[in-house]
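Chains as they are written, first to last, in my numbering: chain F, 111 to 286; chain C, 12 to 174.
For glycine and all other residues, C-beta sits at the position ideal for the given N, C-alpha and C.
Report on the structure given below.
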Amino acid sequence: MHAARNLRLCTKDCICLFVCPTKATDTENGQVDFSKCLDGCRLCVDACPSHAIYLVNANYAEPAPKARRVSEKAFALLDRKAGEEAMVKQMLVKAAVPGKDAVNTANAGAALVLKALEKSLRIVAEDAAREAAYMLPQSSSTQMLIETLLQDRPKCGEGQFPEQELRELKGLLSRT
Amino acid sequence: MEHAYGPIFSNLAKACEKQFRTREAELLWKLSGYFDGAVPSVGEVLSSGRADRAGPSLDARKPAGFQGLAAALAADETEHFDSIKTEATAAKDRGALRMTVWGSKVNAIQQSVVERYAKQGDALLQDKSVFVCEACGFIFIGQEAPEICPVCKAPRSRFSKIS
Numbered sequence: 111m112h113a114a115r116n117l118r119l120c121t122k123d124c125i126c127l128f129v130c131p132t133k134a135t136d137t138e139n140g141q142v143d144f145s146k147c148l149d150g151c152r153l154c155v156d157a158c159p160s161h162a163i164y165l166v167n168a169n170y171a172e173p174a175p176k177a178r179r180v181s182e183k184a185f186a187l188l189d190r191k192a193g194e195e196a197m198v199k200q201m202l203v204k205a206a207v208p209g210k211d212a213v214n215t216a217n218a219g220a221a222l223v224l225k226a227l228e229k230s231l232r233i234v235a236e237d238a239a240r241e242a243a244y245m246l247p248q249s250s251s252t253q254m255l256i257e258t259l260l261q262d263r264p265k266c267g268e269g270q271f272p273e274q275e276l277r278e279l280k281g282l283l284s285r286t
Numbered sequence: 012m013e014h015a016y017g018p019i020f021s022n023l024a025k026a027c028e029k030q031f032r033t034r035e036a037e038l039l040w041k042l043s044g045y046f047d048g049a050v051p052s053v054g055e056v057l058s059s060g061r062a063d064r065a066g067p068s069l070d071a072r073k074p075a076g077f078q079g080l081a082a083a084l085a086a087d088e089t090e091h092f093d094s095i096k097t098e099a100t101a102a103k104d105r106g107a108l109r110m111t112v113w114g115s116k117v118n119a120i121q122q123s124v125v126e127r128y129a130k131q132g133d134a135l136l137q138d139k140s141v142f143v144c145e146a147c148g149f150i151f152i153g154q155e156a157p158e159i160c161p162v163c164k165a166p167r168s169r170f171s172k173i174s
């Protein structure tokens, strides 16, 4: 469990530099040096006058299982919102000049509205994904998803199936 | 494709960023990108009218236009959010209930933005910018993002300006 600094809250009063026994809080990029930070020490967390430092867990408890019927409905919403996002993406392609990243000035307004919708629909879909099953990356549901995908290898678009990525992720997210 | 994996992986990528797990986040963003390539086929699944995927059919391969999009969004309140509310209440799942509270408000805003743009065109955006709340998806059209998100109460710093 290591400390992390919320740079939006930090008021640079430097009390964390005074209390840190390993100099982990004094770095050129403003973030705590996690490799120097002592597990669960929390001296800086308690000393910070701006409440800008907090602890990030190394391990998490397995989330409580979701009721099957809630999960099913949340999955249906996830798929629905993803379908709507795909619709918006198609409309954006039409709003853009073919072959160019720049948006046709005649359709700039439409593109702006569509980009906002694309982002908004994604955020709602992600929320549905969390409530369906995938709140925590280190959960067993995520592990099971990775296993299933490695087995089924669903083909999507033109890209190569990301087997290496899935295998590396499986190792990194497994509980130790 | 069992589900739309793109948003599942982008959500997990964001969760890893919050935990400062940068390698995991990088891998998850790649996975999200790969599976996003398949979303049109999810649109196909939606249009095939399976019972568990309620609402007017969506076919992502055929651009629907603003009217079609507004109609799809209009159906979501009764076809999706209401049924999640019922199940979440029965299961005493306050997390899922919270998701429907934010989601159905954001859904109404999405529909309203689509309808207003369809009616008013670029006049809707005159001297204004478009902002999206990164926490809940609320869309705001105005000069400056609200101090606090009216849907989820996240601060202004959580809003992104669309460009």
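In the three-state DSSP reduction, L246/F falls in the coil class, being neither helix nor strand. Residue range 170-172 is occupied by the beta strand (DSSP E) that includes K172/C.
Judged by DSSP in its simplified three-state form, S43/C adopts helix. The alpha-carbon of V203/F is positioned some 24 Å away from that of D87/C.
Between Y244/F and S251/F, the alpha-carbon positions lie close to 7 Å from each other.
Non-local beta-carbon contacts of L153/F in its own chain, meaning distances under 6 Å to residues more than five positions away in sequence, involve V129 in chain order. With its beta carbon less than 8 Å from one in chain C, D237/F belongs to the interface. DSSP places A114/F within a strand segment (E or B) once states are collapsed to three. Burial state of M254/F is exposed, judged by a 10 Å Cβ sphere holding fewer than 16 other Cβ atoms. By the rule that beta-carbons nearer than 8 Å mark a contact, D143/F does not touch chain C. Under the Cβ criterion of 8 Å, D104/C is counted among the residues facing chain F.
Under the 10 Å beta carbon count, Q78/C is surrounded by fewer than 16 other beta carbons and is classified as exposed. If you draw a 10 Å sphere on the C-beta of Y16/C, you find 16 or more other C-beta atoms in it, and that means buried. Chain C places no beta carbon closer than 8 Å to that of Y164/F, leaving this residue out of the contacts. Residue environment analysis places R115/F among the buried positions, since at least 16 neighbouring C-beta atoms fall within 10 angstroms of its C-beta. Of all residues in the segment 164-192 of chain F, only V166, N167, K176, A177, R179, V180, E182, K183, A184, F185, A186, L187, L188, D189, R190, K191, A192 place a beta-carbon less than 8 Å from a beta-carbon of chain C. Close to A114/F, with beta-carbon spacing below 8 Å, are these residues of chain C in chain order: F31. Shown here, P159/F sits in coil according to DSSP, grouped into three states, outside any helix or strand. Close partners of K146/F in chain C (Cβ separation under 9 Å) are lacking, with about 14 Å as the shortest Cβ gap.
Between the alpha carbons of F31/C and A165/C lies a gap of roughly 21 Å.
Contacts with chain F at 8 Å (Cβ-Cβ) include K41/C. DSSP lists P166/C as the beta-bridge partner residues of I159/C.
Chain-order list of chain F residues neighbouring G48/C: C266, G267, E268, G269, by C-beta distance under 8 Å. The alpha-carbon separation between E98/C and A168/F amounts to approximately 33 Å.
The three-state reading of DSSP puts S251/F in helix, counting H, G and I together. With contacts defined as CB atoms closer than 8 Å, L188/F and A226/F fail to qualify as a contacting pair. By the CB criterion at 8 Å, R34/C and L283/F fall outside the cutoff. Contact with chain C is absent for L117/F, since none of that chain's Cβ atoms lies less than 8 Å from the residue's Cβ. In the displayed model, L165/F falls within a strand according to three-state DSSP. Beyond the five residues adjoining it in sequence on each side, G153/C comes within less than 6 Å, by CB distance, of K139 in the same chain, given in chain order. V234/F belongs to the set of residues whose beta carbon lies under 8 Å from a beta carbon in chain C.
Closest in alpha carbon position to K25/C, among V112/C, A146/C, A81/C, S171/C, is A146/C. Following the DSSP letters along the chain, one finds G79/C inside the alpha helix (DSSP H) bounded by residues 76-87.
Between A156/C and V125/C, the C-beta spacing is not below 8 Å.
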